[in-house]
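Residue numbers 166 to 411, in the numbering used here, belong to the letters of the sequence shown in order. Data first, discussion second: the structure below is written as structure tokens.
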Amino acid sequence: MTKTQNLFFSCVDSRIQEQGSMYARFHLGTFLRGQSLTFANALRRTLLSEIPGVIITDVLIEGAGHEFAALPGVEETVLDILLNLKKLVFAPCNSNLAELETFQAKGFVNSSGPKKLTASDLKLPVTVKCIDPNAHIATLTSSGDFSLCINLEVRRPHQPVTNKTSSGGEKKTRNFVFDTVPMPVQKVNYTIKSLNVKQGSEYIVLEVWTDGSVSPQETVQFALKNLTSFFYQFATVSKTQVFGTK
């Protein structure tokens with residue numbers, strides 16, 4: 166726990182859940198009555214809308230001309246494979262959230278059956294990893310040959326999808342563009358607790374669930390820094406406009 170005068174911030178519970186997802190509970194205080202609700206609302210909205218995540222932007226599947234195509238030696242349709250790929254969660258290795266603005270990477274699969282393809286079969290650079298390596302992609306029969314290429318980028322939940330378009334037309338191989346919205350923070354709850362009834366002080370119990378690509382502790386720190394920077398910019402602008410100072 167860290168304290169500055171009467172301020173405190175502590176993580177009272179933290180655990181890894183199924184499929185690599187993470188959960189943590191925090192206590193934040195001290196607030197005067199009413200301040201805690203204002204603070205908690207802003208923090209929750211920032212956690213849900215500002216945390217960047219690594220997503221697949223587009224996929225190239227060898228021999229797939231459209232979503233409903235059936236590939237020789239592959240049990241799933243192209244649509245099923247695309248849906249499986251959309252479920253994959255990726256995370257950068259040895260990078261914090263502040264360093265992800267320009268992150269890009271590629272992944273490849275070149276495999277022959279019989280085999281059950283999982284995320285562990287993706288050939289990824291050392292800069293990125295898949296949170297659940299056992300996640301299913303496709304099932305190859307003895308006659309199946311399968312190749313794909315994925316592009317990975319960092320986006321924020323509110324960031325608009327880039328102008329990439331699916332290409333291929335009548336070609337045998339088509340580039341499929343994903344409109345995936347990154348949701349590294351899956352859920353945020355908070356409750357306001359009384360700390361000192363006589364003084365009217367309160368504290369926040371904050372619960373954060375993530376998809377495993379980033380820890381709840383890091384998301385809260387990132388959100389607090391973003392909020393501080395955002396409000397400071399307006400404080401600086403207002404000071405310049407009102408008092409004419411630089």
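For every residue, glycine included, the Cβ atom is placed at its ideal position computed from N, Cα and C.
message = Just to confirm the assignment: which complete beta strand (DSSP E) runs, minimum length 3, are found wholly within the segment 257-310?
response = 269-277, 280-283, 293-295 and 301-305
query = Thinking C-beta only, is residue 287 closer than 8 Å to residue 309?
reply = no
Cβ-Cβ separation, residue 319 to residue 268 (assumed contact under 8 Å), whole Å = 4 Å
ask   = Three or more C-beta pairs closer than 8 Å, one from the segment 169-189 and one from the segment 371-379: is that the case here?
value = yes
ask   = Who are residue 341's beta bridge partners in DSSP?
value = 224
query = According to the neighbour-count rule (16 or more other Cβ atoms, all chains shown, within 10 Å of its Cβ), is residue 355 buried or exposed?
reply = Residue 355 is buried by the Cβ-count criterion.
ask   = Hey, how far is the Cα of residue 291 from the Cα of residue 258?
value = 7 Å
Nearest candidate by alpha-carbon position, reference residue 188, set 362, 404, 364 and 350 = 350
task = Note down the Cα distance separating residue 323 from residue 307, rounded to an integer number of angstroms.
result = 44 Å
query = Going straight from the alpha carbon of residue 300 to that of residue 172, what length do you get?
reply = Within the model, the alpha-carbon separation for residue 300 versus residue 172 is close to 42 Å.
task = Following the continuous alpha helix (DSSP H) through residue 249, name the residue where it begins and the one where it ends.
result = DSSP places residue 249 in the uninterrupted alpha helix (DSSP H) bounded by 243-251.
request  = Quick one: using the 10 Å Cβ neighbour count with 16 as the cut-off for buried, is residue 298 buried or exposed?
outcome  = exposed
query = In this structure, does DSSP put residue 370 in helix, strand or coil?
reply = Under the three-state reduction of DSSP output, residue 370 falls in the strand class.
request  = In angstroms with no decimal places, state the Cα-to-Cα distance between residue 359 and residue 369.
outcome  = 9 Å
query = In terms of residue numbering, what span does the beta strand (DSSP E) encompassing residue 198 cover?
reply = No beta strand (DSSP E) contains residue 198, which DSSP labels as neither H nor E.
inquiry  = Assuming residue 350 is part of the beta strand (DSSP E), what are its boundary residues?
reply    = 350-361
key: Straight-line Cα distance separating residue 393 from residue 399   = 10 Å
request  = Rounded to whole angstroms, what's the CA-CA distance from residue 284 to residue 296? Just pull it up for me.
outcome  = One C-alpha to the other measures close to 9 Å.
ask   = So, are the CB atoms of residue 216 and residue 387 less than 8 Å apart?
value = yes
Through-space distance from residue 197 to residue 363, alpha-carbon basis = Cα to Cα, the separation comes out at about 11 Å.
message = Taking 7 Å as the limit between beta carbons, can you name the residues of its chain near residue 209, skipping five residues before and five after?
response = Around residue 209: 353 and 355.
inquiry  = Within a Cβ cutoff of 6 Å, which residues of the same chain sit near residue 314, ignoring the five residues on either side of it in sequence?
reply    = 225 and 273
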